[in-house]
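**Q** My structure is below; once you've seen it, I'll send some questions.
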Amino acid sequence: MFDLTLISSELAWPISLLIAWFAGEYGYRWAKIPRISSYAIVGFLLASSQAGLLPIGQSNSVLLLSNVAFGLILFEAGYRINLRWLIHNPWIGVTSLTEATLTFAAVYALASGFGVASTNALLLASLSMATSPAAIVRVINEQRSAGQVSERLLHLSALNCVLAVFVFKIVVGLLVFETTGNIWHAASSSLLVLAASALLGGCLGLIMPLLLRGIKCPNQDNTLAFVIALVLLVALSESLKLSAVLATLTFGLVVRHRRLEFHPVQRGFGALGDLLSLLLFVFIASTLQWQHVISGMGLGLAIIATRMLAKMCGISVFAHISGISWRKGMLLGIAMSPMSAFVILMLEQTRHLGINLADQLIPLASAALILEVFGPIITKQALIWSHEVPKNKE
102 MFDLTLISSE LAWPISLLIA WFAGEYGYRW AKIPRISSYA IVGFLLASSQ
152 AGLLPIGQSN SVLLLSNVAF GLILFEAGYR INLRWLIHNP WIGVTSLTEA
202 TLTFAAVYAL ASGFGVASTN ALLLASLSMA TSPAAIVRVI NEQRSAGQVS
252 ERLLHLSALN CVLAVFVFKI VVGLLVFETT GNIWHAASSS LLVLAASALL
302 GGCLGLIMPL LLRGIKCPNQ DNTLAFVIAL VLLVALSESL KLSAVLATLT
352 FGLVVRHRRL EFHPVQRGFG ALGDLLSLLL FVFIASTLQW QHVISGMGLG
402 LAIIATRMLA KMCGISVFAH ISGISWRKGM LLGIAMSPMS AFVILMLEQT
452 RHLGINLADQ LIPLASAALI LEVFGPIITK QALIWSHEVP KNKE
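Residue numbers for the sequence shown, in this note's numbering: 102 to 495.
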């Protein structure tokens, strides 16, 4: 006799992904909205706390696949970073540090003004610094945008991730070691984690090109090898409690500068990358509960507005000196709206380490859902206003 409960639980994710895919295609073709916005809407509506199709709680396998999907996108973001450009134009690095610091200070002051506890305000501020490369890369690839704003957007989002991971881990370290109150211990632990993560990704980035050249593997046959390497890197980072974000970024960065070129069809890792991205954005939205979204709406909206204003100001002040117009500087700040994928995965990773921060940071649920749906739309429109999207895409 068939166990309908077991069958329904096993089919929940395949059915949800199929629904999300059709929603993404219809939304993209009819409403001209990025596919990942539709994925987020479906994921949220089908979550266990809403329609109830998806199972309660997330399995380790789904989380691992989501982290692998995020890792694939981070690898591509790292692969597209040009270190020589950052060295020749150091104002881009200064811009990143300024806008991230300004965002941290502004969101911390806002959360404190709303009466949020100091530690929680620090967590909100550290996560708000980030701009998610997952949404940025998908929108840029989907729109085929190219130009100064697109390239700076990729570079600044990657730098944001590194800064946000560092500050977030310091604050989490303070939570873990708050009995001693030793901030230096927390900071040094975070530095050690970041250094070990970068070293792990860098070593793999050196080894893989050597192995592929040793077997004379042509560029168009590299995709599967790098996907497997990324799965290994993400799993190893999670096992060692390192930062998969920094490890995969560094992996892509080193592979690029080892002059291993990818075939054009491999951008985004093809159909496999599309499937994992679909899973990633459905998963992210499915972790949000409507009760948290509603209860944290006020502060969540305020965080979104404050964060966007801080990034616009931090980027615009150095726009001219870094080589772009004030207008493009403002549009770049607007384009950096997405943050949900990074934030949700960071919270999920800490939950699996025994630290549940989601219930302490309820306003993030509202901000994450709103930016998960509207962030890609805002980024797309900013790229169009920058005249970096081909006319046929508009």
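By construction, the Cβ of each residue, glycine as well, lies at the ideal position given by its N, Cα and C atoms.
1) With DSSP as the reference, label E489 as helix, strand or coil.
2) Tell me, please, whether the stretch 383 to 397 touches the stretch 141 to 156 by the rule of three or more beta-carbon pairs shorter than 8 Å.
3) By the DSSP assignment, the alpha helix (DSSP H) with I137 in it spans what residues?
4) Compare the beta carbon distance of V169 and V332 with 8 Å and say whether it is the shorter of the two.
5) I need the DSSP call for K133, collapsed to helix, strand or coil.
6) Please classify W131 as buried or exposed, where buried requires at least 16 other C-beta atoms within 10 Å of its C-beta.
7) Just checking, does the stretch 459 to 475 make contact with the stretch 396 to 411 on the three C-beta pairs under 8 Å criterion?
8) Quick check on K270: does DSSP put it in helix, strand or coil?
9) Which two residues bound the contiguous alpha helix (DSSP H) that contains L240?
10) Compare the beta carbon distance of A178 and P234 with 8 Å and say whether it is the shorter of the two.
11) Along the chain, where does the alpha helix (DSSP H) that runs through F215 open and close?
12) Using DSSP with H/G/I as helix, E/B as strand and the rest coil, what is R357?
13) Have a look at R239, N221, Y129 and M230 and flag the residue whose alpha-carbon is nearest the alpha-carbon of G374.
14) Taking A170 as part of the alpha helix (DSSP H), name the residues at either end of that continuous run.
15) Ordered along the chain, which non-local residues of its own chain (more than five positions away) have a Cβ less than 7 Å from that of P365?
16) Pick out whichever of L293, P464 and L184 has its Cα sitting closest to the Cα of L341.
17) Among A330, N323, S291 and I316, which has the Cα closest to the Cα of G303?
18) Is the beta carbon of N190 less than 8 Å from the beta carbon of G424?
**A** Once the coordinates are examined:
1) Residue numbering aside, residue 489 sits at position 388 when the sequence shown is read from its first letter. Three-state result, E489: coil.
2) yes
3) As a first step, residue 137 is located in the sequence shown; it is residue number 36 there, counting from the start. Run containing I137: R136 to L146, per the alpha helix (DSSP H) assignment.
4) For the purposes of this step, residue 169 is identified with residue 68 of the sequence shown, where counting begins at 1. For the purposes of this step, residue 332 is identified with residue 231 of the sequence shown, where counting begins at 1. The answer is yes: Cβ separation under 8 Å.
5) To locate residue 133, count along the sequence shown from 1; it is residue 32. Of the three classes helix, strand and coil, the one that applies to K133 here is coil, per DSSP.
6) Counting from 1 along the sequence shown, the entry for residue 131 is found at position 30. W131 comes out exposed.
7) yes
8) Here residue 270 corresponds to residue number 169 of the sequence shown, with the count starting at 1. In this structure, K270 counts as helix in the three-state DSSP scheme.
9) Position 139 of the sequence shown, counting from 1, holds the residue named residue 240. Correcting the residue identity first, residue 240 is Val in this sequence and not Leu. Element bounds for V240: P234 to Q244.
10) Within the sequence shown, residue 178 is the residue found at index 77, counting from 1. Within the sequence shown, residue 234 is the residue found at index 133, counting from 1. Contact: yes.
11) Counting from 1 along the sequence shown, the entry for residue 215 is found at position 114. Here F215 belongs to no alpha helix (DSSP H), and DSSP marks it neither H nor E.
12) Sequence index remark: in the sequence shown, residue 357 carries index 256 (1-based). If DSSP states are grouped into helix, strand and coil, R357 belongs with the helices.
13) Indexing the sequence shown from 1 puts residue 374 at position 273. For the residues R239, N221, Y129 and M230, the minimum Cα distance to G374 belongs to R239.
14) The count along the sequence shown starts at 1 and reaches residue 170 at position 69. First-last of the alpha helix (DSSP H) with A170: N161 to Y180.
15) In the sequence shown, residue 365 corresponds to position 264, counting from 1. Here the model assigns P365 a pLDDT of 45, short of 50, so the residue's position is not dependable, and the following value carries that caveat. Nothing meets the Cβ criterion.
16) By one-based count along the sequence shown, residue 341 stands at place 240. That would be L293, whose Cα lies nearest to the Cα of L341.
17) For this step, residue 303 is matched to residue 202 along the sequence shown. Minimum Cα distance to G303 is reached at A330.
18) Here residue 190 refers to the residue found at position 89 of the sequence shown. Here residue 424 refers to the residue found at position 323 of the sequence shown. Yes, they are a contact pair.
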